[in-house]
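**Q**
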Amino acid sequence: MRRVRVERAAGVGAGLSAGTGAVGTGRTGCTTGAEVHDRDNGSPGTDTETDTDTGTGTETGAEADAGTDTGAGVPGSPATAGAPGDTAAPAGRRNLAAATAGNALEWYDWNVYALMAPFFATKFFVTGGVGTALMSSLAVFAVGFVARPLGGLLMGVISDRRGRRTAMLLSIALMAAGSLVIGLTPDYATAGVLAPVLLVTARLVQGLSAGGEFAAAAAYLVESAPSGRRGLYSSFLYIGNLTGTLLASGLGALLALLLSADAMASWGWRVPFLVGGVAALALGVLRRGMAETLDGDTRRAASGEGLFTPLRRNARAVLTLCGLTAGATVVYYTWIVGLPAHAAAEAGVSRGNALLATTLAQIVLLAALPAAGMLADRIGPRRMVMVFAGGFAVAGVPLHALAGHSFGGLLTAEVTGLLLFSGYGATAALVMAELFPRGARGTGIGLPYAATVAAFGGTAPYVGLWAADHAPSAAFPAYVSVLCAVTFLFACFRLAPDGPAPSRPRGRPLG
Numbered sequence: 001m002r003r004v005r006v007e008r009a010a011g012v013g014a015g016l017s018a019g020t021g022a023v024g025t026g027r028t029g030c031t032t033g034a035e036v037h038d039r040d041n042g043s044p045g046t047d048t049e050t051d052t053d054t055g056t057g058t059e060t061g062a063e064a065d066a067g068t069d070t071g072a073g074v075p076g077s078p079a080t081a082g083a084p085g086d087t088a089a090p091a092g093r094r095n096l097a098a099a100t101a102g103n104a105l106e107w108y109d110w111n112v113y114a115l116m117a118p119f120f121a122t123k124f125f126v127t128g129g130v131g132t133a134l135m136s137s138l139a140v141f142a143v144g145f146v147a148r149p150l151g152g153l154l155m156g157v158i159s160d161r162r163g164r165r166t167a168m169l170l171s172i173a174l175m176a177a178g179s180l181v182i183g184l185t186p187d188y189a190t191a192g193v194l195a196p197v198l199l200v201t202a203r204l205v206q207g208l209s210a211g212g213e214f215a216a217a218a219a220y221l222v223e224s225a226p227s228g229r230r231g232l233y234s235s236f237l238y239i240g241n242l243t244g245t246l247l248a249s250g251l252g253a254l255l256a257l258l259l260s261a262d263a264m265a266s267w268g269w270r271v272p273f274l275v276g277g278v279a280a281l282a283l284g285v286l287r288r289g290m291a292e293t294l295d296g297d298t299r300r301a302a303s304g305e306g307l308f309t310p311l312r313r314n315a316r317a318v319l320t321l322c323g324l325t326a327g328a329t330v331v332y333y334t335w336i337v338g339l340p341a342h343a344a345a346e347a348g349v350s351r352g353n354a355l356l357a358t359t360l361a362q363i364v365l366l367a368a369l370p371a372a373g374m375l376a377d378r379i380g381p382r383r384m385v386m387v388f389a390g391g392f393a394v395a396g397v398p399l400h401a402l403a404g405h406s407f408g409g410l411l412t413a414e415v416t417g418l419l420l421f422s423g424y425g426a427t428a429a430l431v432m433a434e435l436f437p438r439g440a441r442g443t444g445i446g447l448p449y450a451a452t453v454a455a456f457g458g459t460a461p462y463v464g465l466w467a468a469d470h471a472p473s474a475a476f477p478a479y480v481s482v483l484c485a486v487t488f489l490f491a492c493f494r495l496a497p498d499g500p501a502p503s504r505p506r507g508r509p510l511g
């Protein structure tokens with residue numbers, strides 16, 4: 001007696017009944033985008049397995065490691081354990097907690113530099129006055145953005161060849177090292193020119209770390225998710241990002257309130273770096289206990305490829321990722337960084353009130369992300385991205401104008417815009433992971449994502465300030481809306497159709 005087990009795949013459901021071989025349709029619509037990539041690259045999710053009558057099937061990919069088998073659908077199996085109403089296994093929750101907490105500390109360490117720069121600028125850059133010193137310290141901040149694409153490539157390759165856990169451990173170790181070096185580096189009066197050199201070096205290391213963390217964490221969260229909860233798990237990528245950002249600004253504000261200006265300039269600015277570095281090392285120990293989601297065969301196959309081979313082989317997926325990211329990253333950096341400055345300049349909103357509005361809106365986004373992730377599990381990630389991009393393409397200009405009227409207008413624009421953004425933020429990891437075969441996700445996401453963020457997101461606040469002085473008032477928000485329209489078109493025509501909720505498989509094939 002022989003039995004055939006059909007893995008749930010793009011366009012095909014696990015409808016194989018015992019002895020009949022009847023296969024049911026798992027989703028509607030054409031097989032485009034990620035589904036084509038899975039088949040073209042021999043993804044396990046599109047193959048059939050024939051086992052002898054030993055009662056033991058062979059799992060592939062993350063199914064073997066993380067216990068998230070999406071085939072069979074036997075009651076009580078992992079396939080049904082992912083149904084709504086069930087809880088994830090304790091090991092799965094520990095993996096989720098370790099990945100998210102580490103991601104939060106990564107972005108805490110990344111963002112705390114810009115917050116503390118005004119306090120330590122003159123300690124490291126002593127020529128040209130306070131303004132020049134601050135500009136020099138912020139230029140060092142920009143150096144981190146330059147290093148992110150290189151980090152995305154190098155850490156992405158490590159993720160595909162050595163595993164997601166290895167890449168995430170290396171990422172958090174690099175970020176911790178960078179933070180500790182900044183926190184312990186003597187100032188210019190003590191170390192001379194060595195002080196700014198160490199500062200730049202530490203920031204480069206942090207840039208390498210930040211560039212690689214996103215891809216490894218995105219792949220890990222989605223691959224370790226139970227069936228039917230990939231949207232929810234995907235949302236924790238930006239939950240970690242926002243949590244780290246809020247922790248950095250919260251600790252910075254608390255220290256500024258408790259310490260005098262002289263104390264902050266003397267030693268207080270070092271505290272957030274030292275706290276972040278030590279906490280990151282501790283979380284690195286927690287990450288050591290995470291289950292690996294990339295099987296050995298896939299890692300060995302990836303190790304035999306050239307550095308850029310996965311990018312060339314998946315060129316259309318790379319272009320799609322860049323198109324999806326361009327609109328999203330310019331919205332994120334405009335709404336988090338640029339909009340408060342716009343409100344302060346146009347409406348006379350105080351800097352404190354502008355930051356308050358942004359902080360409140362980020363808290364709203366933090367609460368909305370898991371809900372958006374669960375909604376994506378019901379209606380599909382493509383629809384969520386289209387709602388975000390289409391909404392901003394239409395409403396971006398009026399929302400930007402509203403932010404320039406008053407504090408109330410700024411708060412309304414911030415909350416509305418970030419609620420729209422939750423459609424992308426909750427599904428980014430899932431959408432990107434589905435674009436690439438398992439063995440190319442680290443490289444495929446890492447470099448293109450980091451380069452697009454550096455080109456569009458990192459420059460958004462500066463482009464906005466330049467446009468305010470040299471272009472019509474609606475020029476920059478129109479630029480944001482056009483990029484979102486581009487993202488909408490990529491989501492519409494390059495992402496696989498979601499299909500109707502009742503027939504759509506709970507968890508798209510990620511093999």
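For the sequence shown, counting from 1, position 427 maps to 427 in UniProt numbering; every step adds exactly one. All C-beta atoms in this analysis are idealised placements derived from N, C-alpha and C, irrespective of residue type, glycine included.
Classify F490: buried if its beta carbon has 16 or more other beta carbons within 10 angstroms, exposed otherwise.
**A** Residue numbering aside, residue 490 sits at position 490 when the sequence shown is read from its first letter. Classification for F490: buried.
**Q** How many Å lie between V431 and P381 at the Cα?
**A** Taking the first residue of the sequence shown as 1, we reach residue 431 at position 431. Taking the first residue of the sequence shown as 1, we reach residue 381 at position 381. Taking the straight line joining both Cα atoms gives about 7 Å.
**Q** Check for me: the alpha helix (DSSP H) holding G432 runs from which residue to which?
**A** Here residue 432 corresponds to residue number 432 of the sequence shown, with the count starting at 1. Checking the sequence shown, residue 432 turns out to be Met, not Gly. From DSSP, the alpha helix (DSSP H) with M432 extends over 428 to 435.
**Q** Taking the straight line between their C-alpha atoms, what separation do you get for D69 and Y449?
**A** Walking along the sequence shown from the start, residue 69 turns up at place 69. Walking along the sequence shown from the start, residue 449 turns up at place 449. Low confidence applies to D69: its pLDDT is 36, below 50, so where it sits in the model is not reliable, and the reading given next is rough at best. In a straight line, the C-alpha of D69 is about 29 Å away from that of Y449.
**Q** Are there 16 or more other CB atoms within 10 angstroms of the CB of L307, so buried, or fewer, so exposed?
**A** Mapped onto the sequence shown, residue 307 falls at position 307. Exposed, by the Cβ-count rule.
**Q** Would you report the Cα separation of K123 and A189, rounded to the nearest angstrom?
**A** Start at 1 with the first residue of the sequence shown, and residue 123 comes out as number 123. Start at 1 with the first residue of the sequence shown, and residue 189 comes out as number 189. Those two C-alpha atoms are separated by around 7 Å.
**Q** Mind checking P282: buried by the 16 CB within 10 Å criterion, or exposed?
**A** For this step, residue 282 is matched to residue 282 along the sequence shown. First, the residue type needs correcting, since residue 282 is Ala and not Pro in the sequence shown. Answer is exposed; the Cβ neighbour count stays below 16.
**Q** In whole angstroms, what is the alpha-carbon distance linking T459 and A121?
**A** Locating residue 459 in the sequence shown gives position 459, counting from the first residue. Locating residue 121 in the sequence shown gives position 121, counting from the first residue. Straight-line Cα distance between these residues: approximately 22 Å.
**Q** Considering just the uninterrupted stretch of the alpha helix (DSSP H) at F488, what are its terminal residues?
**A** Position 488 of the sequence shown, counted from the first residue, corresponds to residue 488. Its alpha helix (DSSP H) spans residues 475 to 494.
**Q** Evaluate contact between the stretch 94 to 105 and the stretch 283 to 299, counting only Cβ atoms and requiring at least three cross-stretch pairs below 8 Å.
**A** In short, these stretches touch, since the Cβ pair count reaches three.
**Q** For the alpha helix (DSSP H) containing E292, name the first residue and the last one.
**A** As a first step, residue 292 must be located in the sequence shown, where it is residue number 292. Careful: E292 lies outside any alpha helix (DSSP H) and carries neither H nor E.
**Q** Where does the unbroken alpha helix (DSSP H) through D187 begin, and where does it stop?
**A** On the sequence shown, position 187 is the one that residue 187 refers to. No alpha helix (DSSP H) holds D187; DSSP gives it neither H nor E.
**Q** Flag F125 as yes if its beta-carbon sits less than 8 Å from any beta-carbon of chain D, otherwise no.
**A** In the displayed structure, chain D is absent; only one protein chain is listed.
**Q** Taking the straight line between their C-alpha atoms, what separation do you get for G404 and S422?
**A** Looking up residue 404 in the sequence shown gives position 404. Looking up residue 422 in the sequence shown gives position 422. About 23 Å.
**Q** Kindly indicate which three-state DSSP category P472 falls into: helix, strand or coil?
**A** As a first step, residue 472 is located in the sequence shown; it is residue number 472 there, counting from the start. Three-state DSSP puts P472 in coil, outside helix and strand.
**Q** Using a 10 Å radius around the Cβ and a threshold of 16 neighbouring Cβ atoms, would you call V197 buried or exposed?
**A** As a first step, residue 197 is located in the sequence shown; it is residue number 197 there, counting from the start. So V197 ends up on the exposed side.
**Q** Does W269 pass the burial test, meaning 16 or more other C-beta atoms within 10 Å, or should it be called exposed?
**A** Counted from its first residue, the sequence shown places residue 269 at position 269. So W269 counts as buried.
**Q** Taking only three categories from DSSP, how would you classify V193?
**A** Residue 193 sits at position 193 when you count from the first residue of the sequence shown. The answer is coil: DSSP assigns V193 none of H, G, I, E or B.
**Q** My understanding is that S171 touches M155, with C-beta atoms under 8 Å, so please give their C-beta distance in whole angstroms.
**A** The residue labelled residue 171 in the question sits at position 171 within the sequence shown. The residue labelled residue 155 in the question sits at position 155 within the sequence shown. So it is a contact: roughly 6 Å between Cβ atoms.
**Q** Check H405 in the structure and name its three-state DSSP category.
**A** Counting from one through the sequence shown, the residue named residue 405 turns up at place 405. It is coil, neither helix nor strand.
**Q** Which residues in the same chain as T166 place their Cβ atom closer than 7 Å to its Cβ, once the five residues preceding and following it in sequence are excluded?
**A** As a first step, residue 166 is located in the sequence shown; it is residue number 166 there, counting from the start. Cβ within range, chain order: I158.
**Q** Determine the direct distance from the alpha carbon of Y479 to that of G408, and round the result to whole angstroms.
**A** Residue mapping note: residue 408 aligns to position 408 of the sequence shown, counting from 1. Residue mapping note: residue 479 aligns to position 479 of the sequence shown, counting from 1. C-alpha separation (whole angstroms): 24 Å.
**Q** Excluding the 5 residues preceding and the 5 following A361 in the sequence, name in chain order all residues of the same chain whose CB lies nearer than 6 Å to its CB.
**A** The residue labelled residue 361 in the question sits at position 361 within the sequence shown. Counting only Cβ-Cβ distances below 6 Å, and skipping sequence neighbours, we find E414, V415, L418.
**Q** With DSSP collapsed to three states, give me the class of R229.
**A** Within the sequence shown, numbered from 1, the residue matching residue 229 stands at position 229. Coil, per DSSP.
**Q** Quick one: using the 10 Å Cβ neighbour count with 16 as the cut-off for buried, is S303 buried or exposed?
**A** To locate residue 303, count along the sequence shown from 1; it is residue 303. Classification of S303: exposed, given that the 10 Å Cβ count is below 16.
**Q** Is W335 helix, strand or coil when you go by DSSP?
**A** Translated into positions along the sequence shown, residue 335 becomes position 335. It is helical.
**Q** Go through its chain and collect everything with a Cβ distance to A357's Cβ below 6 Å, but skip five positions before and after it.
**A** Indexing the sequence shown from 1 puts residue 357 at position 357. Hits under 6 Å: L410, L411, E414.
**Q** Would you be able to state if there are at least three C-beta pairs under 8 Å between the stretch 438 to 458 and the stretch 391 to 404?
**A** The stretch 391 to 404 is not in contact with the stretch 438 to 458.
**Q** Thinking just about the alpha-carbon of each residue, which of F388, S179, E223 is nearest to the one in V112?
**A** Along the sequence shown, one-based indexing puts residue 112 at 112. Out of F388, S179, E223, S179 has the C-alpha closest to the C-alpha of V112.
**Q** Cβ atoms of G144 and A210: under 8 Å apart, would you say?
**A** In the sequence shown, residue 210 corresponds to position 210, counting from 1. In the sequence shown, residue 144 corresponds to position 144, counting from 1. In contact: A210 and G144 (Cβ atoms closer than 8 Å).
**Q** In the DSSP assignment, find the unbroken alpha helix (DSSP H) run with S303 in it and report its ends.
**A** For this step, residue 303 is matched to residue 303 along the sequence shown. Start and end: 296 to 303.
**Q** Given a threshold of 16 other Cβ atoms within 10 Å of its Cβ, counted over all protein chains shown, does F119 qualify as buried or as exposed?
**A** The residue you call residue 119 lines up with position 119 of the sequence shown. By the 10 Å Cβ count, F119 comes out buried.
**Q** DSSP on W269, reduced to helix/strand/coil?
**A** Locating residue 269 in the sequence shown gives position 269, where the first residue counts as 1. Reduced to three states, the DSSP call for W269 is coil.
**Q** Thinking just about the alpha-carbon of each residue, which of G464, L232, A372 is nearest to the one in V330?
**A** Sequence index remark: in the sequence shown, residue 330 carries index 330 (1-based). Nearest C-alpha to V330: G464.
**Q** In angstroms with no decimal places, state the Cα-to-Cα distance between A217 and T309.
**A** Residue mapping note: residue 217 aligns to position 217 of the sequence shown, counting from 1. Residue mapping note: residue 309 aligns to position 309 of the sequence shown, counting from 1. So the two alpha carbons sit approximately 22 Å from each other.
**Q** Residues in its own chain within less than 7 Å of P186 by CB, not counting five upstream and five downstream?
**A** Position 186 of the sequence shown, counted from the first residue, corresponds to residue 186. The answer, listed in chain order, is A195.
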